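No gaps in the numbering here: position 126 of the sequence shown is 139 in the numbering used here, and each next residue is one more. Virtual Cβ for every residue (Gly too), placed ideally from N, Cα, C. Computed from a predicted model, the values in this text were never measured in an experiment.
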Amino acid sequence: MGRLDGQTALVTGGGRGIGRAIVKKLASEGANVVINYGTSDRAAKETADLCRKEYGVKTLAVQADVSRAEDVQRLFEEAKALTGKVEILVNNAGITADNLILRMTDEDFDRVQKINLYGTFYGMKLAAKTMLRQRYGRIISLSSVVGLHGNAGQVNYAASKAGIVGMTKSLAKEMASRGVTVNAVAPGMIETDMTAAMTETAHKAMEGQIPAGRMGSPEDIAEAVAFFADPASGYVTGQVLAVDGGMAL
Ligand code: NAP
């Protein structure tokens, strides 16, 4: 018996990177998984196949651009068709568009807010509607150590990830009496495509700032998400858990 047996989890950007590790972890705990993807069609379908075969859960891969309200609406409708309910939402989809502020265009700023911040807002709103009716739910969003402490070259990304912290705490207060918890995970430097674009020198410099002495793995983040998703974590809400090897200390 898994701690999430029979529940349904919707993970945005769940086909690759941290999202994929979250999908696999929740499926390994017995949750049926709805895997949203933006463009990585094959990765999402492979992740779905793997979870079905390995963990025997129901799976569904759904294309939807989280920056478009109508796409997220359709995503929730399709997700609910799988089992009739959604107990867990993980707002994971996110992008970076780094530049120093003098070179950052309005377009770079907007694009990051539309996917990271609006995408999370749309997901939270639809999940809140479903979960209030169910009187049960777990909403977990991916913030970042950058949203808590800032980072040169990431004004747009930091704004979006700090915004997620504010939304998490506010929504936690709105939902606390209704059996719905709202929390965030703030990863440090995690080995995915998002960080693979860095030069070797930048990698080494960053690793030098991590007390744990290594970058994190997507599985490190999935463990923290699973903690918040657990029915036993019902008295934990409005929290932001840094999973960063001590980076933000
Ligand atoms: P990644 O490897 O670049 O993957 C990004 C994911 O977001 C992909 O699954 C992608 O799906 C999805 N996505 C992007 N735009 C989308 C859109 N418009 N609609 C739907 N899905 C979209 O990034 P990652 O490292 O796994 O990061 C996952 C989350 O953790 C992000 O929110 C990121 O900000 C956060 N985070 C990461 C780190 C890190 O060090 N890696 C640190 C702190 C926070 P498609 O490929 O299908 O478009």
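- In the three-state reduction of the DSSP assignment, V99 falls in the coil class.
- The beta-bridge partner set that DSSP reports for P224 is empty.
- The C-alpha of I114 lies about 20 Å from the C-alpha of G107.
- Taken from the Cβ of S157, at least one heavy atom of the ligand NAP lies inside 7 Å.
- Fully contained in the segment 58 to 122 are the following alpha helix (DSSP H) runs of length 4 or more, in chain order: 82 to 96.
- Distance check between M202 and each of G136, A215, S190, T181 places A215 closest, using alpha-carbon atoms only.
- The beta-carbon separation of P224 and L262, rounded to 7 Å, stays under the 8 Å limit for a contact.
- With a cutoff of 7 Å, A215 does not count as near the ligand NAP, since its C-beta is closer than that to no heavy atom of the ligand.
- I152 is bridged by DSSP to L102, V195.
- Counting the other CB atoms within 10 Å of its CB gives D119 a total below 16, which places it among the exposed residues.
- For D243, the Cβ stays outside the 7 Å cut-off from all heavy atoms of the ligand NAP.
- Taking all protein chains in view, the Cβ of M14 is surrounded by fewer than 16 other Cβ atoms within 10 Å, so the residue is classified as exposed.
- In the structure shown, A172 falls within a helical segment according to DSSP collapsed to helix, strand and coil.
- Contact check for L17 and E42: beta-carbon distance about 4 Å, within the 8 Å limit, so the pair qualifies.
- Around the beta-carbon of A209, fewer than 16 other beta-carbon atoms lie within 10 Å, marking it exposed.
- The beta carbon of D121 is closer than 7 Å to those of A110, N112, N169 in its chain, skipping five residues each way along the sequence.
- Using a C-beta cut-off of 8 Å, the segment 242 to 249 makes no contact with the segment 154 to 165, since fewer than three inter-stretch Cβ pairs fall below that distance.
- Shown here, T21 sits in a strand according to DSSP, grouped into three states.
- Cβ contact annotation for A140 (same chain, cutoff 6 Å, sequence separation greater than five): L102, I152, in chain order.
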